[in-house]
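Chemist: Next up is a structure, given as structure tokens.
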Amino acid sequence: MVWGSNTMNQGILLTCAFSTAAMTGLIWLIQIVQYPLMAEVGAEQFVRYEQQHCNRITAVVLPLMTVELLTALWLAWKPVPGYHTTLWLAAVAVLGIWASTFFIQVPVHNRLCVAFDADLHGRLVQSNWIRTVLWSVRSVLMFRVVWGLCGKG
Numbered sequence: 000m001v002w003g004s005n006t007m008n009q010g011i012l013l014t015c016a017f018s019t020a021a022m023t024g025l026i027w028l029i030q031i032v033q034y035p036l037m038a039e040v041g042a043e044q045f046v047r048y049e050q051q052h053c054n055r056i057t058a059v060v061l062p063l064m065t066v067e068l069l070t071a072l073w074l075a076w077k078p079v080p081g082y083h084t085t086l087w088l089a090a091v092a093v094l095g096i097w098a099s100t101f102f103i104q105v106p107v108h109n110r111l112c113v114a115f116d117a118d119l120h121g122r123l124v125q126s127n128w129i130r131t132v133l134w135s136v137r138s139v140l141m142f143r144v145v146w147g148l149c150g151k152g
């Protein structure tokens, strides 16, 4: 990597790229496998299943999302030379992800933790495409920066 000799900034960039890639893989798994399968759990078992899902998935995604947010904001504030616009777009995308998570997905999950509702479940699956697309875009943007700094772009 050729971004001056500041290894802290390089570490922040790589940490951001890693957390984004990890979350992109997770969100595709959730979007294609986990969320659709929730409809197959059955009404009798659903509330318990959904509560456990929320507890377990939060333990995995919240640390990654927090690291991603903090590193993305750092990189927008102190951008890599030549990648100012790319890193600003990536920061806007992560803010969109957080907004979607806490204003759409979390409230829907909270309601599903009380009772299964097919329409609400459908809303969860459909609205999650917002995050799936934004994380995919972030992965492309972060890959572009890392690839470029490795002398490949």
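Per numbering that gives the first Met the number 0, residue 0 is the first one in the sequence shown, and the count goes up by one each step.
The beta-carbon is built from N, C-alpha and C at its ideal position, and this holds for glycine as well.
What you are looking at is a predicted structure, and each value in this text was computed from that prediction instead of being measured.
Could you tell me the alpha carbon to alpha carbon distance between Thr100 and Gln50, rounded to whole angstroms?
Modeler: In the sequence shown, the residue the question calls residue 100 occupies position 101. In the sequence shown, the residue the question calls residue 50 occupies position 51. Their backbone Cα atoms lie some 17 angstroms apart in a straight line.
Chemist: Would you mind giving the Cβ-Cβ distance between Val113 and Val46, rounded to the nearest angstrom? I have them listed as a contact below 8 angstroms.
Modeler: Position 114 of the sequence shown, counted from the first residue, corresponds to residue 113. Position 47 of the sequence shown, counted from the first residue, corresponds to residue 46. With a Cβ gap of about 7 angstroms, Val113 and Val46 count as contacting.
Chemist: Please name the residue in Phe115, Val93, His120 and Ala75 whose C-alpha comes closest to that of Thr23.
Modeler: Here residue 23 refers to the residue found at position 24 of the sequence shown. Minimum Cα distance to Thr23 is reached at Val93.
Chemist: In angstroms with no decimal places, state the Cα-to-Cα distance between Pro62 and Thr19.
Modeler: As a first step, residue 62 must be located in the sequence shown, where it is residue number 63. As a first step, residue 19 must be located in the sequence shown, where it is residue number 20. Distance between the alpha carbons of Pro62 and Thr19: 12 angstroms.
Chemist: In chain order, what residues of the same chain have a beta carbon less than 8 angstroms from the beta carbon of Thr70, not counting five sequence neighbours either side?
Modeler: Within the sequence shown, residue 70 is the residue found at index 71, counting from 1. Here the set comprises Ile11, Leu12, Thr14, Cys15 and Ser18.
Chemist: Excluding five sequence neighbours on each side, which residues of the same chain lie with their C-beta closer than 8 angstroms to the C-beta of Ala200?
Modeler: Residue 200 lies beyond the range of the chain shown here (0 to 152); nothing can be said about it.
Chemist: Which one of Val91, Thr57 and Leu88 has the shortest CA to CA distance from Gln104?
Modeler: Here the question's residue 104 lines up with position 105 in the sequence shown. Gln104 has its Cα closest to that of Thr57, out of Val91, Thr57 and Leu88.
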